[in-house]
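Residue numbers (the working numbering): 2 to 284. For each residue, glycine too, the CB sits at the ideal point set by N, CA and C. The structure displayed is predicted, hence computed values, not measured ones.
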Ligand code: ADP
Ligand code: MG
């Protein structure tokens, strides 16, 4: 069974004036259908306003479809009785770690989720320890979160979600507020969750270089899924990505320009190593 499935998902934000008359309607997600299999790493790309966050909020039953259906682990998100199970199954990590961390001490913060779920105290500590180790923050367990860097804080928020033992984690631009070092730390932690812990990952980002490890990439534009494919298939379409106002990784761009100048280089180069190999073959 799919861990996440949407069928013709459409969501409209309705603006009303003070007399409750409809002022305007924004269709933020427009007829989106997709499946995610357990253990997959999905990346969702798209420029600002393309509907990524609105889509993400449906996967955690924060928003409900205007039309269409969303199932998380087979459960329809529209049914009130499913909401608790859905939030346990699909954890969310947002852009700003400061809005997600509430504890005064790292280990306390990570324990809040399982505590709210009624997990027995002894097991909470086990989960806290294990989750902090997974994201490489165990040695900071006694620290105050506000002394941590952005990347460290975001890893603590991820540990907090992990401690609830979700099958799937949805991350909505988790690196948008981080410096390059913090971004790398967070992306490596996310890869570990997928590779080692086998957790399904849905990573929303507008950084192209963060998607190269995904199994599948969806590119959103104006509420639709405009492109879908492996990272290599997506990065082979430089012109189309640019038309969608997305920039490709520098190395992909360079390879693309060299190819355009007549060098015999394959499409969809993802790493500097691949480009070097391709260039060696050109001689
Ligand atoms: P993204 O995350 O890709 O930037 P969003 O899902 O935030 O996209 O937004 C999609 C569209 O919905 C945009 O046109 C945005 O202006 C609109 N939108 C987002 N949130 C709201 C809201 N709370 N009320 C009204 N319109 C909204
Ligand atoms: Mg967003």
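Residue i vs residue j beta-carbon contact at 8 Å
{"i": "residue 218", "j": "residue 47", "result": "no"}
{"i": "residue 206", "j": "residue 174", "result": "yes"}
{"i": "residue 33", "j": "residue 159", "result": "no"}
{"i": "residue 43", "j": "residue 215", "result": "yes"}
{"i": "residue 183", "j": "residue 161", "result": "no"}
{"i": "residue 73", "j": "residue 60", "result": "yes"}
{"i": "residue 223", "j": "residue 31", "result": "yes"}
{"i": "residue 69", "j": "residue 10", "result": "yes"}
{"i": "residue 204", "j": "residue 198", "result": "no"}
{"i": "residue 146", "j": "residue 157", "result": "yes"}
{"i": "residue 40", "j": "residue 201", "result": "yes"}
{"i": "residue 141", "j": "residue 107", "result": "yes"}
{"i": "residue 167", "j": "residue 104", "result": "no"}
Whole-angstrom distance between residue j and residue i, CA atom to CA atom
{"i": "residue 281", "j": "residue 171", "result": "40 Å"}
{"i": "residue 284", "j": "residue 259", "result": "14 Å"}
{"i": "residue 83", "j": "residue 139", "result": "33 Å"}
{"i": "residue 14", "j": "residue 113", "result": "32 Å"}
{"i": "residue 267", "j": "residue 208", "result": "22 Å"}
{"i": "residue 177", "j": "residue 96", "result": "6 Å"}
{"i": "residue 94", "j": "residue 236", "result": "26 Å"}
{"i": "residue 120", "j": "residue 164", "result": "10 Å"}
{"i": "residue 273", "j": "residue 193", "result": "22 Å"}
{"i": "residue 137", "j": "residue 124", "result": "20 Å"}
{"i": "residue 239", "j": "residue 231", "result": "14 Å"}
{"i": "residue 261", "j": "residue 279", "result": "14 Å"}
{"i": "residue 37", "j": "residue 6", "result": "6 Å"}
{"i": "residue 277", "j": "residue 256", "result": "10 Å"}
{"i": "residue 154", "j": "residue 62", "result": "25 Å"}
{"i": "residue 275", "j": "residue 228", "result": "24 Å"}
{"i": "residue 254", "j": "residue 213", "result": "14 Å"}
{"i": "residue 148", "j": "residue 190", "result": "20 Å"}
{"i": "residue 66", "j": "residue 29", "result": "11 Å"}
{"i": "residue 25", "j": "residue 12", "result": "14 Å"}
{"i": "residue 19", "j": "residue 58", "result": "26 Å"}
Cβ neighbour criterion (16 or more within 10 Å) applied to residue i
{"i": "residue 17", "result": "exposed"}
{"i": "residue 56", "result": "buried"}
{"i": "residue 180", "result": "exposed"}
{"i": "residue 132", "result": "buried"}
{"i": "residue 54", "result": "buried"}
{"i": "residue 1", "result": "Any property of residue 1 remains undetermined from this structure, which presents the chain solely from 2 to 284."}
{"i": "residue 251", "result": "exposed"}
{"i": "residue 80", "result": "exposed"}
{"i": "residue 188", "result": "buried"}
{"i": "residue 78", "result": "buried"}
{"i": "residue 22", "result": "exposed"}
{"i": "residue 122", "result": "exposed"}
{"i": "residue 270", "result": "buried"}
{"i": "residue 45", "result": "buried"}
{"i": "residue 244", "result": "exposed"}
{"i": "residue 27", "result": "exposed"}
{"i": "residue 264", "result": "exposed"}
{"i": "residue 241", "result": "exposed"}
{"i": "residue 246", "result": "exposed"}
{"i": "residue 143", "result": "exposed"}
{"i": "residue 117", "result": "exposed"}
Heavy atom of the ligand ADP within 7 Å of residue i beta-carbon
{"i": "residue 52", "result": "yes"}
{"i": "residue 29", "result": "yes"}
{"i": "residue 49", "result": "yes"}
{"i": "residue 55", "result": "yes"}
{"i": "residue 14", "result": "yes"}
Distance cut-off 7 Å: residue i Cβ against heavy atoms of the ligand MG
{"i": "residue 211", "result": "no"}
{"i": "residue 173", "result": "yes"}
Self-check item: Cβ contact check for the region 82-89 and the region 100-107: 3 or more pairs under 8 Å
Solution: no
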